[in-house]
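If you're matching them up, the sequences are chains A, B and C in order.
Going by the working numbering, the first sequence opens with residue 1, and the numbers climb by one from there.
Going by the working numbering, the second sequence opens with residue 1001, and the numbers climb by one from there.
Going by the working numbering, the third sequence opens with residue 2001, and the numbers climb by one from there.
We treat Cβ as the ideally placed atom computed from N, Cα and C, and that holds for glycine.
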Amino acid sequence: MKVIKIDKSEFNAGLEKLENAYRLFGPVKEQSYYAFKALDAGEKPDLEYTNTRLSAKSLLYPQSEVLFEYSLDKSDADYAILKEPEKDYSPRAVIGIRPCDADAFAVVRRNFETPEYQDTYWLKNYDATTLVGLACDNPVPTCFCTSAGSGPFNEANLDVLLVDTGDAYLARVLTEKGEKLADSAGWTKPADQSEEDVSKRRSEAESKIKSRVNTENLKDQALTSLYDADAAIWEKEAFSCINCGTCTYACPTCWCFDVQDENYGKSGVRIRNWDSCMYPLFSVHASGHNPRGQKLARIRQRFMHKLKYYVDKYDKGIQCTGCGRCVRMCPVNIDIRRVCNQMNSYDPESCSCAVTS
Amino acid sequence: MKNLMEHMGLDPGRLHFSWISSAESTKFVDVAKKVTAEVKALESKEKKFVKTKPKVA
Amino acid sequence: MTTYSDKIKEISKRLLKEGKVDLVIGFRKGSVPLMNQPMFAKNEGDVDSFVWDSNCGINLANYVTDRSEKIGIVAKGCDSRNLVVHIIENKIKRDQLHIIGVPCKAMVDRHKIAAMMPGEIESIEENEADGTLTVTGSGFSETLNKAGVLQENCALCMHRNPVLYDELIAEEVTEQNPEEVDQYAAVREVENMAPEEKWAYFDSLFSECIRCYACRNACPLCYCPTCFVDESKPQWVGKSVDPADVRTFHFLRAYHCAGRCTDCGACVRSCPVGINVRALTKKLEKDCLENFDWKSGLTLDKRPPLDTFRPDDPEEFIK
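Structural data, given as structure tokens:
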């Protein structure tokens, strides 16, 4: 692995060079919060940010995305034929994504790229994207990445990791994609003796993360006993839930979508929109029957999926990278850390959780 | 109803209320014509709540 | 407000012990600053988690809809008004409720305080004696005047004392003087805009909406089994984040609250992106007051204006 030193004074010049080869995306301050957006020519990402309000998932997976176009004109030779529109899959680079959000792409990929099925829309976006991460020096109280399989300096799924050392960035070039990007930006100056500095900063950042989840028992817990833990876990958590979609939309690892056709006069589009397992409509059948008709069933589904079904299916930890957005944004303070710790400590014999908060 | 429409920037002329008895067929025709004409006239002035086909990203 | 919390616990324990109610609905301390979580207590042990402070802005009337048990419910002024609306609309029966009335000292605006601070808030200390809040985070500690950071609806509130209750936990608080509080300054500001300005104002207001429906779901009025945005036969509204669809949702939802909204502010409080949803409902409240001399949720004895006809109802809009 190469480590390059980029003086901050030269960083922007590098980004300008990148604009020729990549479409750039990065965090930008909007009013009182940060959001990822496509950077206009000359616009610079604001790397002083903590994290964006919504996750980076929309960069590869927009909230609404056109899949097909069709004609409804009967005289048209292509009448009622679904056609995939041209999309821009040219190289793009995300500058300054946090390790938790980058790691979330690896989680989503396990679902969107399986031997049987590939989500080509997401994968094409993913393949076109180079992820330049920014190590997290100042995690906030809701961050729990270190116990969710990620970390403030986690390199998983990144192509480059930038470590802020004050007047310079140490760029740890992790993949071929990353090398290509560093070359296009003209970032070449090798950094000497960086390892010690980085690991010191890493442990400093890690020690700032006080909040954690315990996950060690989740895999061994019997699925059915967790599922049936209504009185100990689900009734209490479900009570306050208002069944909005905030947690799922804020989450970098929630991947569910709904497909809709929208007609506009004599033509139309098939689009997919983010959907949420918190909505009754999510699971309602054409017959009218809803297997998850009750709020309790929906809340249970979300947490069981993230903390049990996913764990069992992939054996790669939980479907959560500890970004803490759902904890911060839930209107009624449902806290995944508490739910996770309850599930982890649930004792089916006594039907109770050793940990309740 | 009208007030909130106006409040959000729609022309209140888009909404009409009338009392028409089931026996007043000619009044119904007159009102329908008048409403159509007035709303059509507004169309050139403001185009709102018009949804356009989403852009392909 | 430690005394409030203690009193709530004491009453709840008594009600559960005497078997007067099957459960009590209240708040427990949140896991993050500025947030409390609605909870229910079915036994005396659970009651110890109950808390009352300036972060109880969620409207608990939302949690009794169509329930069949005997319920004890902790209710501040606006919650009690929404309980009245619920009773009028047959969503709960009066004799199912034991209302533990809380004379409300107003709730603080979580979005506003978060935006004022230079960094992440780690803890908040409330000092009731001098009406201040001490907000602490990494590298800062600031003392705020609570009166300056109230939820806007609380700053304008004329009914801090519950209008309907079975017992009060404390002496009533002094209500604000209607002469001194300008209820509709923000509404008038929009009223005075030109149509295009109004359109642009709401465009920018809703531009951040992610259609999570938290505003709708936190609202005690929004209890329809299937909301119009969820209907699929026919589908009234598109499901994407197209601005026309987003606006249709907010605009029509507001209409459904006409003459019913108590301006409890739960919609604004729950919005994860901080949209001032009240910009629409406050206008409806003003119209109801001006046209029908009506404020919702104040009495069980009168039917709401949109469900009654009076010969003197204004009708100049009918041609």
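Bounding residues of the beta strand (DSSP E) (the contiguous stretch that carries residue i)
i: Arg-2028 (chain C); result: 2023-2029
i: Tyr-264 (chain A); result: 257-264
i: Cys-23 (chain A); result: It is Arg, not Cys, that sits at residue 23 (chain A) in the sequence shown. Arg-23 (chain A) -> beta strand (DSSP E) spans 23-30.
i: Lys-2239 (chain C); result: Taken as a continuous stretch (DSSP letters only), Lys-2239 (chain C) belongs to no beta strand (DSSP E), as it is neither H nor E.
i: Leu-2133 (chain C); result: 2132-2137
i: Pro-2038 (chain C); result: 2036-2041
i: Tyr-49 (chain A); result: First-last for Tyr-49 (chain A): undefined, no H or E at that position.
i: Ile-2124 (chain C); result: 2121-2127
i: Leu-162 (chain A); result: 160-164
i: Leu-2060 (chain C); result: First-last for Leu-2060 (chain C): undefined, no H or E at that position.
i: Asp-7 (chain A); result: 2-7
i: Asn-273 (chain A); result: 267-274
i: Gly-133 (chain A); result: 129-134
Residues near residue i by beta carbon distance below 7 Å, same chain, minus five either side
i: Tyr-314 (chain A); result: Arg-110
i: Gln-63 (chain A); result: Asn-273, Trp-274
i: Asp-334 (chain A); result: Reading off the sequence shown, one finds Ile at residue 334 (chain A), where the question assumed Asp. Closer than 7 Å at the Cβ level, and outside the excluded window around Ile-334 (chain A), lie Glu-237, Ser-240, Cys-241.
i: Ala-90 (chain A); result: Note on identity: in this sequence residue 90 (chain A) is Ser, with Ala being the wrong assignment. Around Ser-90 (chain A): Arg-23, Ala-128.
i: Thr-50 (chain A); result: Asn-138, Val-140
i: Ala-41 (chain A); result: Glu-19
Contacting residues, own chain, Cβ-Cβ under 6 Å from residue i (five flanking each side not counted)
i: Gln-260 (chain A); result: Ile-271
i: Pro-2220 (chain C); result: Asn-2059, Ala-2061, Asn-2062, Asn-2082
i: Asn-157 (chain A); result: Ala-102, Asp-103, Phe-105, Ala-106
i: Ser-1018 (chain B); result: Val-1031
i: Arg-300 (chain A); result: Trp-234
i: Lys-219 (chain A); result: Val-311
For residue j and residue i, believed in contact at Cβ under 8 Å, the rounded distance
i: Ile-2099 (chain C); j: Tyr-2165 (chain C); result: 4 Å
i: Phe-144 (chain A); j: Gly-322 (chain A); result: 4 Å
i: Tyr-2201 (chain C); j: Met-2193 (chain C); result: 6 Å
i: Cys-256 (chain A); j: Ser-287 (chain A); result: Wrong, their Cβ atoms sit about 21 Å apart, outside the cutoff.
i: Ala-93 (chain A); j: Tyr-22 (chain A); result: 4 Å
i: Gly-96 (chain A); j: Pro-45 (chain A); result: 5 Å
i: Phe-2140 (chain C); j: Met-2117 (chain C); result: 7 Å
i: Trp-122 (chain A); j: Ile-6 (chain A); result: At roughly 30 Å, the Cβ-Cβ gap does not stay under 8 Å, so Trp-122 (chain A) and Ile-6 (chain A) are not in contact.
i: Ser-55 (chain A); j: Cys-247 (chain A); result: Rounded, the Cβ-Cβ distance is 11 Å, inconsistent with contact.
i: Ile-2121 (chain C); j: Val-2102 (chain C); result: Going by Cβ atoms, the distance from Ile-2121 (chain C) to Val-2102 (chain C) rounds to 25 Å, so no, they are not a contact pair.
i: Ala-2214 (chain C); j: Cys-244 (chain A); result: 4 Å
Contacting residues, own chain, Cβ-Cβ under 8 Å from residue i (five flanking each side not counted)
i: Asn-2043 (chain C); result: Leu-2016
i: Ala-80 (chain A); result: Tyr-70, Ser-71, Leu-72
i: Leu-2300 (chain C); result: Val-2084, Ile-2087, Ile-2088, Arg-2094, Leu-2164
i: Tyr-33 (chain A); result: Thr-52, Arg-53
i: Ser-345 (chain A); result: Asn-214, Asn-217, Cys-353, Ala-354, Val-355
i: Pro-2305 (chain C); result: Gly-2259, Cys-2288, Asn-2291, Phe-2292, Trp-2294, Asp-2313
i: Asp-2203 (chain C); result: Pro-2243, Arg-2247
The alpha helix (DSSP H) enclosing residue i, as first and last residue numbers
i: Gly-2265 (chain C); result: Looking at the DSSP string, Gly-2265 (chain C) is not in any alpha helix (DSSP H), and its letter there is neither H nor E.
i: Arg-337 (chain A); result: 336-344
i: Asp-197 (chain A); result: 194-208
i: Ala-171 (chain A); result: Counting along the chain, Ala-171 (chain A) falls outside any alpha helix (DSSP H), though it belongs to the beta strand (DSSP E) covering 168-173.
i: Val-2149 (chain C); result: Premise fails: Val-2149 (chain C) is in no alpha helix (DSSP H) and is neither H nor E.
i: Tyr-34 (chain A); result: No alpha helix (DSSP H) contains Tyr-34 (chain A), which is instead part of the beta strand (DSSP E) from 33-38.
i: Glu-69 (chain A); result: Counting along the chain, Glu-69 (chain A) falls outside any alpha helix (DSSP H), though it belongs to the beta strand (DSSP E) covering 64-71.
i: Arg-2211 (chain C); result: No alpha helix (DSSP H) holds Arg-2211 (chain C); DSSP gives it neither H nor E.
i: Asn-2291 (chain C); result: 2278-2292
i: Ser-1044 (chain B); result: 1025-1045
i: Thr-248 (chain A); result: 246-250
i: Val-327 (chain A); result: 325-329
i: Leu-60 (chain A); result: That residue, Leu-60 (chain A), is in no alpha helix (DSSP H); it is neither H nor E in DSSP.
i: Asp-2046 (chain C); result: 2044-2047
i: Tyr-227 (chain A); result: 223-227
Contact list for the stretch 2222-2254 of chain C against chain B, Cβ threshold 8 Å: Gly-2238, Ser-2240, Asp-2242, Ala-2244, Asp-2245, Arg-2247, Thr-2248, Phe-2251, Ala-2254
The stretch 2177-2191 of chain C: positions lying closer than 9 Å to chain B by Cβ: Among the residues of the stretch 2177-2191 of chain C, those with a Cβ less than 9 Å away from any Cβ of chain B are Val-2187, Val-2190, Glu-2191, in the order of the chain.
Near-chain A residues of the stretch 2029-2057 of chain C (beta-carbon distance less than 8 Å), N- to C-terminal order: Gly-2030, Ser-2031, Val-2032, Met-2035, Asn-2036, Gln-2037, Pro-2038, Met-2039, Phe-2040
Every unbroken alpha helix (DSSP H) inside the stretch 75-121 of chain A [4 residues or more]: 99-112
Uninterrupted beta strand (DSSP E) stretches inside the stretch 281-310 of chain A (no shorter than 3 residues): none
Within 8 Å of chain B by C-beta, residues of the stretch 2287-2312 of chain C in sequence order: Cβ contacts with chain B come from Asp-2287.
Contact residues within the stretch 274-293 of chain A, judged by C-beta distance below 8 Å to chain C: Of all residues in the stretch 274-293 of chain A, Ser-276, Tyr-279, Pro-280, Leu-281 have a Cβ within less than 8 Å of some Cβ in chain C.
Contact list for the stretch 1010-1031 of chain B against chain A, Cβ threshold 7 Å: Residues: none.
Start-end ranges of the beta strand (DSSP E) lying completely within the stretch 2152-2233 of chain C, minimum 3 residues: Under the rule that a run must span 3 or more residues, no beta strand (DSSP E) segment is found entirely inside the stretch 2152-2233 of chain C.
Residues, ordered as in the chain, of the stretch 1031-1049 of chain B that lie near chain A by beta-carbon distance below 8 Å: Here the close residues number zero.
Segments assigned alpha helix (DSSP H), at least 4 residues, entirely inside the stretch 2076-2125 of chain C: 2077-2088, 2110-2116
Residues of the stretch 58-74 of chain A whose Cβ lies closer than 9 Å to any Cβ of chain B, in chain order: Pro-62, Ser-64, Glu-65, Val-66, Glu-69
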